[in-house]
Amino acid sequence: MSNCFSLSSEVRDRAKIQSIRLTTNEWYRASQLGDSYWLYIVWDPLENPDAKPICFKNLVKHLDHVKREVAAARYYDNSTEAIEIVSSTGGEN
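Each residue of the sequence shown is one higher than the last, beginning at 4 in the numbering used here.
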């Protein structure tokens with residue numbers, strides 16, 4: 004019998020004034036993995052190359068109550084020029 008276990012980790016480097024962003028999939032995965040999920044944060048690594056990372060075990064357990072969900076709109080841009088060309092040809096190439 005093996006004593007194997009699995010860990011998952013994310014590493015983020017940010018300016019200390021910026022929030023740490025995880026995608027929806029990363030947050031869900033962290034939730035699923037619980038204590039097996041670690042997040043390492045290094046504040047201002049370019050200005051402080053010797054900075055020690057801050058480590059979070061089970062990020063969701065400790066930060067779920069303060070997280071802020073940000074919904075981003077997904078859309079497609081179509082230029083005015085392209086619309087004019089398509090409309091002048093009756094919608095055919």
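Where is the CB? At the ideal position from N, CA and C, for every residue including glycine. Since we're looking at a predicted model, the values are computed, not measured.
(request) Mind reading off the beta-carbon distance from residue 34 to residue 63? Whole number of angstroms is fine, and I expect it under 8 Å. (result) If you number the sequence shown from 1, residue 34 lands on position 31. If you number the sequence shown from 1, residue 63 lands on position 60. Yes, they are in contact, since the Cβ atoms of residue 34 and residue 63 sit about 5 Å apart, within 8 Å.
(request) On a CA-only basis, which of 73, 78, 37, 24 is nearest residue 65? Give me that one, please. (result) Taking the sequence shown and counting its residues from 1, the one referred to as residue 65 is at position 62. Minimum Cα distance to residue 65 is reached at 37.
(message) Please classify residue 49 as buried or exposed, where buried requires at least 16 neighbouring CB atoms within 10 angstroms.
(response) Your numbering for residue 49 matches position 46 in the sequence shown. Looking at its Cβ environment, which holds fewer than 16 other Cβ atoms inside 10 Å, residue 49 is exposed.
(message) How far does the beta strand (DSSP E) with residue 49 in it extend, from its first residue to its last?
(response) Position 46 of the sequence shown, counted from the start, is the residue given in the question as residue 49. DSSP places residue 49 in no beta strand (DSSP E); its state is neither H nor E.
(message) Whole angstroms are fine: how far does the CA of residue 25 sit from the CA of residue 32?
(response) On the sequence shown, position 29 is the one that residue 32 refers to. On the sequence shown, position 22 is the one that residue 25 refers to. Using only the alpha carbons, I get a separation of about 10 Å.
(message) DSSP three-state label for residue 86, please.
(response) Here residue 86 refers to the residue found at position 83 of the sequence shown. Of the three classes helix, strand and coil, the one that applies to residue 86 here is helix, per DSSP.
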